[in-house]
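Chain order of the listed sequences is A and B. Numbering of the first sequence is given in full-length UniProt numbering, commencing with residue 1 and proceeding in unit increments. Numbering of the second sequence is given in full-length UniProt numbering, commencing with residue 1 and proceeding in unit increments. Notes for the one structure printed next.
2 protein chains.
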Amino acid sequence: MGADVVDGVLAALADPTRRHLLDLLSEHGQATATTLAVGLPVSRQAVVKHLAVLDAAGLVDSTKVGREVRYSVRSAALDATARWMAALAAEWDRRLARIKRIAEAAERDSR
Amino acid sequence: MGADVVDGVLAALADPTRRHLLDLLSEHGQATATTLAVGLPVSRQAVVKHLAVLDAAGLVDSTKVGREVRYSVRSAALDATARWMAALAAEWDRRLARIKRIAEAAERDSR
DNA sequence: CAGTTGTGCAACTCTGGAGTTGCACAACAG
DNA sequence: CTGTTGTGCAACTCCAGAGTTGCACAACTG
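Shown next, in the form of structure tokens:
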């Protein structure tokens, strides 16, 4: 699994405004930067920049229709990151269990 | 599920140095800031700050032993965030499917 | 055609966070 | 007790990124 994908998604999700943006997008399915900016306490330009970040992370898709650009949510990258995270948590558990086993064995030997 | 927990975890994981730190910790199971700083291109103080962030996010646990502080990985918060993310991805899929259904119905009516 | 509206581009400000250094203090070893 | 070593605290520097404004340009509407 591409580590850079995970990297991009994590960096993108770190910002509250971008998470809110994704929330709005998933509600409406389709929206332009101008429309999205109305429901947010920031300017349209700020929204455009955030959408660019989300686009680079693969969390959002853009389509030009006439003079406007419609954005929509893409779940693939998020899903991949969720799987990566779950695998990481499992890996930690595995390592912790192994270390605990070794520690117990060492203690048993010392007695 | 606490949204602030997810928030903290995402913010914590956004930094590459912190992810590397977590990786090192899960390998050794136990480590002090001084020890960890050796394998990283940053000072001990920088490591201490990162560990403080990870601690606040619940990703790391600290224990005082004599004059040194030992850190260890905690998988609970990461696991919770992974579940949250998977649920979010599923939610997006659900909404997208619903919107697609509506769009197709509208198209069928217009014909 | 003229007027309106949505985007894109560029140049700025400004704050948060990553990193550093220096020093004081507590906990060891001899 | 004396010297050494690991942490903690505080005051800095520095820069990426979040946000802004202003303007030019393309795309619709009448």
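Where is the CB? At the ideal position from N, CA and C, for every residue including glycine. If you're wondering where the values come from, they're calculated on a predicted model, not measured in any experiment.
Within chain B, the residues that residue i reaches when beta carbons sit closer than 7 Å
i, result
"A/H82", "Per the sequence presented here, residue 82 of chain A reads as Ala, with His not at that position. Simply A82, M85, A86 and A89."
8 Å contact criterion, which residue i and residue j should meet: CB distance rounded
i, j, result
"residue 183 of chain A", "B/L88", "The structure shown does not extend to residue 183 of chain A, since chain A spans only 1 to 111, so no value can be given for it."
"B/Y71", "B/V60", "5 Å"
"A/S26", "B/W92", "5 Å"
"B/R83", "B/G58", "Contact doesn't hold; Cβ gap of about 14 Å is too wide."
"B/D33", "B/V65", "This sequence places Ala at residue 33 of chain B; Asp is not what is there. Not confirmed; about 13 Å, so no contact."
Per-residue contacts from residue i into chain A (C-beta, under 8 Å)
i, result
"B/A11", "A14"
"B/S26", "E91, W92, R95 and L96"
"B/L78", "M85, L88, A89 and W92"
"B/G39", "By Cβ distance, chain A contributes nothing, its closest Cβ being about 17 Å from B/G39, past 8 Å."
Residue i CB to nearest heavy atom of the ligand NAD below 7 Å
i, result
"B/L78", "Of the ligands one can find in the structure shown there are none, so the ligand NAD has no counterpart to examine."
Proximal residues of chain A, C-beta to C-beta of residue i below 7 Å
i, result
"B/S75", "A89, W92 and D93"
Under 8 Å from the C-beta of residue i: neighbouring residues of chain B
i, result
"residue 151 of chain A", "The structure shown does not extend to residue 151 of chain A, since chain A is modelled only from 1 through 111, so no value can be given for it."
"A/G58", "Near A/G58 there are no residues of chain B at all, since even the closest Cβ is about 13 Å away, more than 8 Å."
Partner residues on chain B for residue i, Cβ-Cβ distance less than 9 Å
i, result
"A/G2", "Those do not exist, as A/G2 stays about 15 Å from chain B at its closest Cβ, beyond 9 Å."
"A/G66", "The contacting residues do not exist; A/G66 stays about 18 Å from chain B at best."
Worksheet item: Which whole runs of the beta strand (DSSP E) in the UniProt domain "HTH arsR-type" (1-93) of chain A are 3 residues long or more, in chain order?
Response: 60-65 and 68-73
Fill in: Touch test, the region 5-24 of chain A against the region 41-54 of chain A, Cβ-Cβ under 8 Å, three pairs minimum
yes
Item to complete: Answer yes if the region 71-82 of chain A comes into contact with the region 72-92 of chain B, meaning at least three C-beta pairs across the two stretches below 8 Å, and no otherwise.
Response: yes
Worksheet item: At a cut of 8 Å, does the region 10-18 of chain A reach the region 8-16 of chain B through at least three beta carbon pairs?
Response: Flag = yes, the region 10-18 of chain A and the region 8-16 of chain B touch.
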